[in-house]
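Chains as they are written, first to last, in the working numbering: chain Z, 3 to 276; chain E, 3 to 276.
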């Protein structure tokens, strides 16, 4: 099947356009999409340049391009629309009804309408990220009192990336604790976690998947053996059940989904919003 | 001004609905929004429950709620629409034109239409995150050959969170190197970076801002003194200019913007898409 180009065009980062487009495109199987992001389209010249690229892609293919855009200013949207493609712009569609509802014209300012609040939110995310790094597996801080949530699970069950995502996306303070054979031997919660029981959230994962992930780190030895992996996961689940710790099986989930399920299940509040 | 509730409703994580809504809402100043995310609305019961919450918020306020949703299935969208609010759903608006354009019905499957490709993308993001962690400031790996990009800048200029975001969002391998007085004394590029000059990207920041950030870490001493901060930033910029290293001033930018500018400026390709 011949290729169709999809453009994500923004006066800012392109994150919104990409997120929007991706949500829609995953609803269509078997298509052959080439994806191009054009961020920071914030002048007439750049808008015309984008039109040139879209038209070139249209001329090169039997399919016209699909254009997901988030251009705040009418002026740039008008230029972009001259391009040969199927256009989908959220401001085009949703700004009018929102203006009517709020009884207020939109400011049409590209990006950070709220400078100071963005700096605050930046600081919160940085602090949360530093917290996650300092309280990660290998970390020494163990500052669990300050944590919003403490993820527990065996090595390579997804704790670290989830903690970092929670910090970067939501400004949430997420620490983690790696469960090891020692914890399973005692059959009780590690000492340092006992006071934090209400903050604990568990991660599990299918044995075959965990083995695959561990093998990429260390191909041989006990660490990535089927027996060890099955043992650790069995004991982990026992522990979660014994102490009524909520948990999620991460096998089929993306980092976004795991993070979102944790917030949903624990009720931990976002400190910032995307 | 009385509060208006904004709902972000999704059959999945809510990330798309939140991103969409936030882009639109920041175009309106001075509004008092209470934001509520309801993820994983993937059954009739949950959809009705969401309707109940929206109606309750509507009854509680003189303003009806605004509802940003990304519900893939017609059935749940139909239920949600009974709620008293201003409804904005991307599938409602964009699915029809896309189906027409692609000559294909959408699959209406909630979330990961592509299981295996998601696992691949998960692995790539995890690997990139591990790479960022191992090649961070304090890291020992210094595996710069494998890096897509190497961020350089002084302590607290935003290198670590940017590297982590590049990894988590785009699967990009980002390492970083902290510039210190030693580097400024020699006036040349640190040895280990010389072979990687083409991968270098610099971060700068306004002195007052850097001082503020450093003070939160260490209130007193040379590290957060105005003089030291100004000296480091002056020398950093000299270095960037002398070796023609592209750079960005992070003072006014969010992590998303910094990351997006790096990709845009360097041409580094995303390994995964959101």
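Where a beta carbon is used, it is the ideal one built from N, C-alpha and C, also for glycine.
Please read all numbers here as calculations on a predicted model, not as lab measurements.
C-alpha distance - residue i paired with residue j, whole-angstrom precision
i	j	result
residue 103 of chain E	residue 88 of chain Z	8 Å
residue 259 of chain E	residue 110 of chain E	32 Å
residue 285 of chain Z	residue 273 of chain E	Summary: the structure shown does not reach residue 285 of chain Z, with chain Z confined to residues 3 through 276, and so no result is reported for it.
residue 256 of chain E	residue 224 of chain Z	43 Å
residue 265 of chain Z	residue 193 of chain E	45 Å
residue 78 of chain Z	residue 84 of chain E	36 Å
residue 43 of chain Z	residue 14 of chain Z	7 Å
residue 220 of chain E	residue 226 of chain E	7 Å
residue 275 of chain Z	residue 208 of chain E	25 Å
residue 130 of chain Z	residue 64 of chain Z	48 Å
residue 127 of chain E	residue 38 of chain Z	20 Å
residue 114 of chain Z	residue 72 of chain Z	With a pLDDT of only 49 at residue 114 of chain Z, under 50, the local geometry of the prediction cannot be trusted, and the value read off the model is given with reservation. Rounded to the nearest angstrom, the two C-alpha atoms are 14 Å apart.
residue 270 of chain Z	residue 175 of chain Z	10 Å
residue 47 of chain E	residue 267 of chain Z	17 Å
residue 185 of chain E	residue 133 of chain E	24 Å
residue 26 of chain Z	residue 105 of chain E	15 Å
residue 228 of chain E	residue 244 of chain E	24 Å
residue 172 of chain E	residue 166 of chain E	10 Å
residue 53 of chain Z	residue 169 of chain Z	37 Å
residue 31 of chain Z	residue 45 of chain Z	36 Å
residue 41 of chain Z	residue 86 of chain Z	19 Å
residue 99 of chain Z	residue 99 of chain E	20 Å
residue 28 of chain E	residue 217 of chain E	30 Å
residue 182 of chain E	residue 67 of chain E	52 Å
residue 222 of chain Z	residue 222 of chain E	49 Å
Residues near residue i by beta carbon distance below 7 Å, same chain, minus five either side
i	result
residue 107 of chain E	101
residue 23 of chain E	8, 10 and 70
residue 118 of chain Z	Low local confidence applies: a pLDDT of 46 at residue 118 of chain Z is under 50, so the model's placement there is unreliable, and no value is given.
residue 50 of chain E	81
residue 197 of chain Z	none
Contact set between residue i and chain E, taken where Cβ atoms lie within less than 8 Å
i	result
residue 250 of chain Z	Within chain E, no residue comes near residue 250 of chain Z; the closest Cβ sits about 11 Å away, beyond 8 Å.
residue 92 of chain Z	22, 25, 26 and 92
residue 131 of chain Z	162, 163 and 166
9 Å Cβ cut-off: residues of chain Z touching residue i
i	result
residue 188 of chain E	By Cβ distance, chain Z contributes nothing, its closest Cβ being about 29 Å from residue 188 of chain E, past 9 Å.
residue 262 of chain E	12, 14, 15, 16, 17, 39, 41 and 42
residue 128 of chain E	158, 160, 162, 163, 215 and 257
residue 225 of chain E	The contacting residues do not exist; residue 225 of chain E stays about 16 Å from chain Z at best.
Residues near residue i by beta carbon distance below 8 Å, same chain, minus five either side
i	result
residue 263 of chain E	250 and 255
residue 195 of chain E	146, 152, 154, 179 and 202
residue 247 of chain Z	154, 199, 202, 203, 204 and 241
residue 160 of chain Z	205, 207, 252, 257 and 260
residue 4 of chain E	34, 63, 64 and 65
Proximal residues of chain Z, C-beta to C-beta of residue i below 7 Å
i	result
residue 203 of chain E	Here the premise fails: no neighbours, minimum Cβ distance about 16 Å.
Cutoff 6 Å; reference residue i; Cβ partners in own chain excluding five residues on either side
i	result
residue 242 of chain Z	204 and 249
residue 90 of chain Z	70
residue 75 of chain E	110
residue 177 of chain Z	137, 146, 149 and 152
residue 36 of chain E	5 and 7
residue 157 of chain E	180
Where residue i meets chain C, residues with beta-carbon distance less than 7 Å
i	result
residue 258 of chain E	Among the protein chains in the structure shown, which are Z and E, there is no chain C.
Proximal chain E residues relative to residue i, where beta-carbon distance stays under 9 Å
i	result
residue 30 of chain Z	100, 101, 104, 106, 107, 108, 109 and 115
residue 179 of chain Z	Within chain E, no residue comes near residue 179 of chain Z; the closest Cβ sits about 17 Å away, beyond 9 Å.
residue 146 of chain Z	Per Cβ cutoff of 9 Å: no residues; residue 146 of chain Z is ~20 Å from chain E at best.
Neighbouring residues, chain Z, relative to residue i (Cβ below 8 Å)
i	result
residue 33 of chain E	104 and 106
Contacts that residue i makes with chain E (C-beta to C-beta distance below 7 Å)
i	result
residue 266 of chain Z	41 and 42
(message) Whether or not the region 141-160 of chain Z and the region 5-20 of chain E are in contact is what I'm after, with contact meaning three or more pairs of Cβ atoms, one per stretch, closer than 8 Å; do they touch?
(response) no
(request) Evaluate contact between the region 57-67 of chain Z and the region 4-12 of chain E, counting only Cβ atoms and requiring at least three cross-stretch pairs below 8 Å. (result) no
(request) Could you list the residues in the region 149-175 of chain Z with a C-beta less than 9 Å from some C-beta on chain E, going in chain order? (result) 158, 160, 162, 163, 166, 167, 169, 170 and 171
(message) With a threshold of 8 Å, are at least 3 pairs of Cβ atoms found where one atom belongs to the region 237-253 of chain Z and the other to the region 189-207 of chain Z?
(response) Here the region 237-253 of chain Z makes contact with the region 189-207 of chain Z; the two share three or more CB pairs at distances below 8 Å.
(request) Give a yes or no on contact between the region 225-234 of chain E and the region 206-217 of chain E, applying the rule of three or more CB pairs nearer than 8 Å. (result) yes
(request) Flag this pair as touching only if the region 88-98 of chain Z and the region 119-135 of chain Z have three or more C-beta atom pairs under 8 Å; answer yes or no. (result) no
(request) Can you give me, in chain order, the residues of the region 228-247 of chain E that have a beta carbon less than 7 Å from any beta carbon in chain Z? (result) none
(message) Please list, in chain order, the residues of the region 67-99 of chain Z that have any C-beta partner in chain E closer than 8 Å.
(response) 68, 72, 74, 88, 90, 92, 93, 95, 96, 97 and 99
(request) Please name the residues in the region 54-67 of chain E whose beta-carbon is closer than 9 Å to at least one beta-carbon of chain Z, in chain order. (result) Cβ contacts with chain Z: 65 and 66.
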